[in-house]
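So the mapping is simple: this note's numbering equals the position in the sequence shown, first residue as 1, plus 375. No residue lacks a Cβ here, since even glycine has one placed at the ideal position from N, Cα and C. The structure under discussion appears below in the form of structure tokens.
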Amino acid sequence: MKIAIGSDHAGYDLKEIIKKHLEEKGFEVIDKGTFSKERVDYPVFGEAVAKAVASGEAEKGIVICGTGIGISISANKVKGIRAALCTNEYMARMAIRHNNAHILALGGRVLGQDLALSIVDAFFEEHFEGGRHEKRVQLIHNIEEKYCQEA
């Protein structure tokens with residue numbers, strides 16, 4: 376599976392740790408930056424990862440900023456993307472099982488390394504349940520179609 380990953384400066388260290396972890400598990404990781412701890416703007420990297428997933432360049436994505444909030448909001452502005460900010464394994468599992476999320480968002484300044492890796496593993500171990508959740512995901516898509524236009 377190809378996974379796009381991106382972060383701002385606040386998420387850089389965690390991005391590098393997660394990237395190595397995923398590669399060791401056999402995933403192909405596409406790094407969309409940033410590539411240093413120099414201060415940058417998180418929306419750039421949220422968009423880059425989301426575009427990679429939306430275009431099919433990657434199957435899933437991970438975005439990281441200080442809290443995960445700003446970069447998840449940014450990623451969710453790309454049409455067709457469902458990015459989920461998760462702070463524990465249960466949230467990561469439900470993001471996939473019930474919401475069929477494309478992108479996992481994490482906070483580099485609010486999660487320890489071990490918890491973050493556990494959340495990543497939970498996200499990629501799960502599968503969408505479909506069934507009653509399919510209707511809800513379709514309703515999310517319908518809202519997007521109603522209010523969002525291609526730029």
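How would you call Asp489, buried or exposed, if buried means at least 16 neighbouring beta carbons within 10 angstroms? To locate residue 489, count along the sequence shown from 1; it is residue 114. Around the CB of Asp489, fewer than 16 other CB atoms lie within 10 Å, so the residue is classed as exposed.
Three-state secondary structure assigned by DSSP to Ile456: Here the question's residue 456 lines up with position 81 in the sequence shown. Here DSSP, grouped into helix, strand and coil, assigns Ile456 to coil.
For Glu464, which residues from the same chain have a beta carbon less than 7 angstroms from its beta carbon, with the 5 sequence-adjacent residues on both sides left out? Mapped onto the sequence shown, residue 464 falls at position 89. Answer for Glu464: Ser493, Ile494, Ala497, listed in chain order.
Gly443, DSSP secondary structure in three states: Residue numbering aside, residue 443 sits at position 68 when the sequence shown is read from its first letter. Three-state result, Gly443: coil.
Can you tell me whether Cys523 is buried or exposed? The criterion is at least 16 other CB atoms within 10 Å of its CB, across all chains shown. Working through the sequence shown from its first residue, we reach residue 523 at position 148. Taking every protein chain shown into account, the CB of Cys523 has fewer than 16 other CB atoms within 10 angstroms, so this residue is exposed.
Tell me, which residues are paired with Ala423 by DSSP? Here the question's residue 423 lines up with position 48 in the sequence shown. In the DSSP assignment, no residue is bridged to Ala423.
Using the Cα positions of Lys390 and Ile448, report the straight-line distance between them to the nearest angstrom. By one-based count along the sequence shown, residue 390 stands at place 15. By one-based count along the sequence shown, residue 448 stands at place 73. Using only the alpha carbons, I get a separation of about 18 angstroms.
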